[in-house]
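In our numbering, the protein residues as written are 2 to 556.
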């Protein structure tokens, strides 16, 4: 049995170490034909494809080890367990349907540019959930939970060390030795590799500093729980050091979502321990009050951070369009034609010439320059965008479109969210498909993206896990995902109530619930990513399974 347990831990071990993976993959973006994307079709990916591949491989291994036990014993499941599998099934069913209905775009299956979280990866998450759930509720639950905590602790330790090295301007990942390893077999000169992040910015191996926030919120409660559970003094000292390094890494990443998530996690864990001391009949009332306070703290923190970092800029130019071969711009609320040199209070137009030698006009407004030309065979006006492509395809905001929040809110996320909210109504039942957000978002909104500092960028994600789910896999799948978390919260409260005092079981339940909740809070400003999501689904399943075991044992 020991050998069987060791084998069954291998895929769990692999999933816990997915965030560490870095390896160069060179492929095609398949986006070069779009006006709003670069003419170069080559994608150099270090962080995402390798993680997606290993995640799917580990999930296949898990599927082989499950041996149909989950499905053959479906009739033996309790009502509570049936309640768990319903939202899981609905979520993945609508994700698959959305992928099948997404047209001919290969991103839905093989992963899209700068995301690589295809429907295959989403299915892998569900397999990870099912596999881990069966282990966490089995008679060997303590063994598997112990291993999960150990594996996550090691991963957190290694990545926090990497994070601190980046914070101290001694990035381990960018060392000559590591660069040669991660580019092995690619034919690329490793000395050419450089990153666009500012000095001292912590990104670990997670592709984007924002994801450091999600990762820290996910693993910090686990490492803290290890500090409380482990008896060995050396182990306690090491876990304390890892906690400190994780906090330093979070600070170095400047992830606002992570900071908010950590603040809320502190509140959640203090609340859980405080409620444990109260009478049982006051638990529900306290939980309600705690939920409200958590929301208040979250919103207040977001507003506080945003007010410090975001300066509301009033842009005079709000829209450009080419109608019947006339360039029309909306400036200070008025529509003006751009057809001859002019100098006005709010804008100016001057003659200019493109790098290709085409004569045209520069519209200068808000400190930005927009070049238009009709110096071509058909005599029509075209706009030369930041990629050097000539286009007459502009995003035109519907007349009834309203801004839900200030566009500068949360480091410019307000603009992205305002453009994403209207997309939900077209994706209520079936989404646009996993990894297909870039095709759905108005990336041809050249004025809006320039005004908000996104010129030259392609929106492949909405910077909000919930909007991402609603648009890509449908609103129903989002409801199912949220229902799964609500169920987990309910079962966590039940399990915590059944623990006699602050025991090891209580600490484990509280730590996993806090970790999952912190990740969900980070999801308000971060997306789901293959860099972190595998560990989230692993912990969510472990939490569900462990809660079920405690509830059953102590009825």
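Every residue, glycine too, gets a C-beta built ideally from N, C-alpha and C. From a predicted model like this one, the values you see are computed outputs, not experimental measurements.
Looking at C-beta atoms only, is the number of pairs between the segment 440-455 and the segment 510-522 that lie closer than 8 angstroms three or more?
Judged by pairs of C-beta atoms under 8 angstroms, the segment 440-455 does not touch the segment 510-522, as fewer than three such pairs exist.
Looking only at its chain, what residues have a beta carbon closer than 6 angstroms to the beta carbon of residue 46, apart from the 5 residues adjacent to it on each side?
The residues are 26.
What separation, rounded to the nearest whole angstrom, lies between the Cα atoms of residue 424 and residue 447?
Computed Cα separation, rounded: 18 angstroms.
Identity of the residue in 95, 496, 250, 24 nearest residue 187 by Cα:
For the set 95, 496, 250, 24, the Cα lying nearest the Cα of residue 187 is the one of 24.
To the nearest angstrom, how far is the alpha carbon of residue 497 from that of residue 539?
Distance between the alpha carbons of residue 497 and residue 539: 20 angstroms.
Please say whether residue 159 and residue 166 have beta carbons closer to each other than 8 angstroms?
No. Outside cutoff.
In whole angstroms, give me the CA-to-CA distance for residue 526 and residue 487.
So the two alpha carbons sit approximately 20 angstroms from each other.
Going by the CB atoms, is the gap between residue 405 and residue 489 shorter than 8 angstroms?
Between residue 489 and residue 405, the C-beta spacing is not below 8 angstroms.
Tell me whether residue 542 sits in a helix, a strand or coil according to DSSP, three-state version.
The answer is helix: DSSP assigns residue 542 an H, G or I state.
Classify residue 168: buried if its beta carbon has 16 or more other beta carbons within 10 angstroms, exposed otherwise.
Label assigned to residue 168: buried.
Of all the CB atoms in chain D, is at least one closer than 8 angstroms to the CB of residue 440?
The chain inventory of the structure shown lacks chain D, comprising one protein chain alone.
State yes or no: is the C-beta of residue 240 within less than 8 angstroms of the C-beta of residue 154?
With respect to the 8 angstroms criterion, residue 240 and residue 154 are classified as neighbours on the basis of their beta carbons.
Simplified DSSP assignment, three categories, for residue 225
Helix.
Could you name the residues that DSSP lists as bridge partners for residue 367?
Its beta-bridge partners do not exist; DSSP assigns none.
Determine the contact status of residue 9 and residue 66, defining contact as a CB-CB distance below 8 angstroms.
Yes.
For a minimum of 4 consecutive residues, which ranges assigned as the alpha helix (DSSP H) are wholly contained in the segment 116-141?
Here the runs fully enclosed are 120-137.
Could you pull out every residue in the same chain whose Cβ sits closer than 7 angstroms to the Cβ of residue 163, ignoring the five residues on either side in sequence?
Only 173, 174, 205, 206 meet the Cβ criterion.
Output yes or no for whether 8 angstroms exceeds the beta carbon distance between residue 53 and residue 122.
Their beta carbons are under 8 angstroms apart, which means residue 53 touches residue 122 by this criterion.
For residue 385 and residue 268, what's the separation of their Cα atoms in angstroms?
Taking C-alpha positions only, residue 385 is separated from residue 268 by approximately 51 angstroms.
My output table needs one value for residue 330: the three-state DSSP class, helix, strand or coil.
Strand.
For the segment 150-199, list the beta strand (DSSP E) runs that are entirely contained and at least 3 residues long, ordered along the chain.
Here no run is fully enclosed.
Please report the distance separating the alpha-carbon of residue 88 from that of residue 482.
When rounded, the distance between both Cα atoms is 7 angstroms.
Around the Cβ of residue 308, are there at least 16 other Cβ atoms within 10 angstroms (buried) or fewer (exposed)?
Below a pLDDT of 50, predicted positions are generally treated as unreliable, and residue 308, at 47, falls in that range; the measurement from the model is reported next regardless. Residue 308 counts as exposed, since fewer than 16 other beta carbons sit within 10 angstroms of its beta carbon.
CA-CA distance, residue 416 and residue 94?
Spanning the two alpha carbons is a distance of roughly 31 angstroms.
CB contact flag (residue 457, residue 387, <8 angstroms):
Yes. Within cutoff.
Determine which residues share a DSSP beta bridge with residue 25 and list them.
DSSP lists no partner for residue 25.
Backbone secondary structure at residue 309 - three-state DSSP
Note that residue 309 has pLDDT 47, beneath the 50 cutoff, so the model's placement of it is unreliable and the number below is only indicative. In the structure shown, residue 309 falls within a helical segment according to DSSP collapsed to helix, strand and coil.
Cβ shell of residue 356 (< 8 angstroms), same chain only, five flanking positions each side left out:
Leaving aside the five residues that flank residue 356 on each side, the residues in its chain whose CB is nearer than 8 angstroms to its CB run, in chain order, 389.
For a quick check, are the C-beta atoms of residue 348 and residue 366 less than 8 angstroms apart?
Yes.
Selected residue, minimal CA-CA separation from residue 217, among 200, 234, 253, 433:
Among 200, 234, 253, 433, the Cα nearest to that of residue 217 belongs to 253.
Under 6 angstroms Cβ to Cβ from residue 12, same chain only, skipping five residues before and after it: list those, please.
59, 62, 63, listed in sequence order.
Cβ neighbour criterion (16 or more within 10 Å) applied to residue 547:
Under this definition residue 547 is a buried residue.
Just list the residues that DSSP pairs residue 349 with in beta bridges.
According to DSSP, which records beta bridges pairwise, residue 349 is partnered with 344, 365.
Should residue 185 go down as buried or exposed, given a rule of 16 or more other Cβ atoms within 10 Å for buried?
By the neighbour-count rule (16 or more Cβ atoms within 10 Å), residue 185 is not buried but exposed.
Going by DSSP, what residues sit across from residue 372 in a beta bridge?
Under DSSP, residue 372 shares a beta bridge with 363, 385.
Taking the CB atoms as reference points, tell me whether residue 229 and residue 157 lie closer together than 8 angstroms.
Contact flag unset, no.
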